[in-house]
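A short write-up of the structure that comes next.
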Ligand SMILES: [Zn+2]
Ligand SMILES: [Zn+2]
């Protein structure tokens, strides 16, 4: 006899999505997909691993993601590969590689899938986490910025997330941001000793990222920093004014939040976020914005882009979901002939599009009925020797307890109509 094998545990920071919960995932995913398709978005699926340099290039050398959190490994061919820590670089690579930018613009894509970051596992945060992402390429008009925010708002509504707030801001462009950057750096420098060590480092590398710091004292200081809104060039100003006017047109409530900035260089103009007080300190449901300079930075054509990303795990924690049993039939049989008749009927029921289970173990009638009840069957179909002889069957509606005799055809009709 071989020694007992040691059980292998799940990797730290990962989680199995068990059937009950998976139903909720499926519901949210299909809701999101259906909704995006209404706006002309189409799904794009890219590999979960890419060349490491794609993400180094995409996030910039100062990004925490790159420096601390990437799952990077060398494959058998000696190539450095990385499990994607974010989605946008992959989609940009795909557009350039497949020459999708030669198609009529704007290009609208959505994506749903796992992402990987080696950060400290904590409550509600996983090393494999999942994101819903949408991206539009090739549309400069601020009307698309408003359309995307409206779509995000619609998504929350359709998932019955009512306790939410929409925040908007502009992060400027490569014309107007340098002078803001200079002022911000000088201001941050004057508070150096009051900032956390991480933020002190950011003063020299990328002071914009101080706004992302979760330390409360840093957030207090960040509120005293100069506001980018006061530094916008005429073009960025006009873009933001029009964007807000379209949100008004859609009657969308929003708040301008000067602290809403993006730490990466390629972000431009519009930034937005949807937050929910229900989530506590980490209150962001969805974040997005414009990245007009990204494609060019990736060595691609000069096409503007805008999009948003939603963390699935956080989103799911907000979605109310009661497990309502679908219409489902449980077939109870007594004796071998009844079982054969039941198997044949179960097959016919499934072909009408209704879920059907049949008991294969030799259990008592009472035992089988109890099981049908426990599983939440809508109908129970009861077949005994007499039913086989008469070719009529007992159909019991489980919630009312009504039980009647029907022919095969009647049963198929009743069941498929109830679905
Ligand atoms: Zn500007
Ligand atoms: Zn800090």
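Residue numbers (our numbering): 155 to 573. Cβ coordinates follow ideal geometry from the N, Cα and C atoms, glycine included.
Please report whether the beta-carbon of residue 454 lies at a distance below 8 Å from any beta-carbon of chain B. Structure shown: chain B not included; a single protein chain is present.
Please list, in chain order, all residues of the same chain as residue 445 whose beta carbon is under 6 Å from its beta carbon, the five residues on each side excluded. By the criterion of a C-beta distance shorter than 6 Å, residue 445 is surrounded in its chain by 420, 421 and 459, once the five residues flanking it on both sides are discounted.
Contact under 8 Å by Cβ, residue 263 with residue 198: The answer is yes: Cβ separation under 8 Å.
Between the region 531–550 and the region 479–491, do at least 3 Cβ pairs fall closer than 8 Å? Touching, per the Cβ criterion.
Whose C-alpha, out of 468, 325, 239 and 347, is nearest the C-alpha of residue 380? Checked all of 468, 325, 239 and 347; the closest Cα to residue 380 is 325.
Any heavy atom of ligand 2 closer than 7 Å to the beta-carbon of residue 415? Taking the Cβ of residue 415 as the reference point, every heavy atom of ligand 2 lies at 7 Å or farther away.
Are the region 314–332 and the region 341–357 touching by the rule of at least three beta carbon pairs closer than 8 Å? No, because fewer than three Cβ pairs between the region 314–332 and the region 341–357 fall closer than 8 Å, the two stretches do not touch.
Member of 371, 370 and 352 whose CA lies at the smallest distance from the CA of residue 363: With respect to the C-alpha of residue 363, the residue from 371, 370 and 352 having the closest C-alpha is 352.
Does at least one heavy atom of ligand 2 sit under 7 Å from the Cβ of residue 362? No - ligand 2 has no heavy atom lying nearer than 7 Å to the Cβ of residue 362.
What ranges does the beta strand (DSSP E) occupy inside the region 357–440, keeping only unbroken runs of at least 3 residues that lie completely in it? Whole beta strand (DSSP E) segments, 3+ residues: 422–429.
Does the beta-carbon of residue 329, which I'm using as the reference point, lie nearer than 7 Å to any heavy atom of ligand 1? Taking 7 Å as the cut-off, the C-beta of residue 329 counts as close to a heavy atom of ligand 1.
Does the Cβ of residue 299 have 16 or more other Cβ atoms within 10 Å, making it buried, or fewer, making it exposed? With 16 or more other Cβ atoms within 10 Å, it is buried.
By the 10 Å Cβ neighbour count, where 16 or more other Cβ atoms means buried, how is residue 212 classified, buried or exposed? Unreliable placement is indicated for residue 212, whose pLDDT of 49 sits below 50; no coordinate value is reported for it.
Which runs of the beta strand (DSSP E) fall wholly inside the region 519–552 and span at least 3 residues, in chain order? For the region 519–552, whole beta strand (DSSP E) runs of length 3 or above, ordered along the chain, are 533–537 and 546–551.
Got a list of residues with beta-carbon closer than 6 Å to any non-hydrogen atom of ligand 2, in chain order? The set, ordered by position in the chain, is 349, 350, 352, 353, 367, 369 and 372.
Need the endpoints of the beta strand (DSSP E) that residue 484 sits in, please. Secondary structure note for residue 484: its beta strand (DSSP E) is the uninterrupted segment 482–487.
Within a Cβ cutoff of 7 Å, which residues of the same chain sit near residue 270, ignoring the five residues on either side of it in sequence? These residues qualify, in order along the chain: 225, 237, 238, 239, 281 and 282.
What does DSSP give as the partner residue(s) for residue 354 in the beta ladder? Answer is none; residue 354 lacks a bridge partner.
Which runs of the alpha helix (DSSP H), 4 residues or longer, sit entirely within the region 167–239? Look at the region 167–239 and you find these whole runs of alpha helix (DSSP H), each 4 residues long or longer: 173–192 and 206–213.
Tell me where the alpha helix (DSSP H) around residue 242 begins and ends. Bounds of the alpha helix (DSSP H) holding residue 242 are 242–251.
Terminal residues of the beta strand (DSSP E) in which residue 291 lies: Its beta strand (DSSP E) spans residues 282–291.
For residue 414 and residue 439, which I take to be in contact (beta-carbon distance under 8 Å), what is that distance rounded to the nearest angstrom? The beta carbons of residue 414 and residue 439 sit about 14 Å from each other, so the pair does not count as a contact at 8 Å.
Do residue 441 and ligand 1 come close, with the Cβ less than 7 Å from some heavy atom? Residue 441 Cβ: outside cutoff for every heavy atom of ligand 1.
Would you call residue 571 buried or exposed, if buried means 16 or more other Cβ atoms sit within 10 Å of its Cβ? Counting every other CB atom within 10 Å of its CB across the protein chains shown gives residue 571 a total below 16, marking it as exposed.
Is residue 328 closer than 8 Å to residue 579 when the C-beta atoms are compared? Past the edges of the chain, shown from 155 to 573, lies residue 579, and the structure says nothing about it.
Examine ligand 1 and report whether any of its heavy atoms sits within less than 7 Å of the Cβ of residue 454. False, no ligand heavy atom lies under 7 Å from that Cβ.
Looking at C-beta atoms only, is the number of pairs between the region 186–205 and the region 241–250 that lie closer than 8 Å three or more? Segments in contact, yes.
Helix, strand or coil for residue 555? Go by DSSP, reduced to three states. DSSP places residue 555 in the coil class of the three-state scheme, outside both helix and strand.
What are the residues that DSSP puts in a beta bridge with residue 276? Listed as beta-bridge partners of residue 276 by DSSP are 279.
Taking DSSP as the reference, what is the three-state secondary structure of residue 136? A query on residue 136 cannot be resolved here, the shown segment of the chain reaching from 155 to 573 and no further.
Assuming residue 468 is part of the beta strand (DSSP E), what are its boundary residues? Note, residue 468: premise wrong, no beta strand (DSSP E); alpha helix (DSSP H) at 466–472.
Residue 264 - partner residues in DSSP beta bridges: BP columns for residue 264 point to 197 and 288.
Opening and closing residue of the beta strand (DSSP E) in which residue 321 lies: Element bounds for residue 321: 319–324.
Determine the burial state of residue 374: buried for a count of at least 16 other Cβ atoms within 10 Å of its Cβ, exposed for fewer. It counts as exposed.
Please name the residue or residues paired with residue 270 in a DSSP beta bridge. DSSP lists 282 as partners of residue 270.
Does ligand 1 have a heavy atom nearer than 7 Å to the CB of residue 389? Yes - ligand 1 has a heavy atom lying nearer than 7 Å to the Cβ of residue 389.
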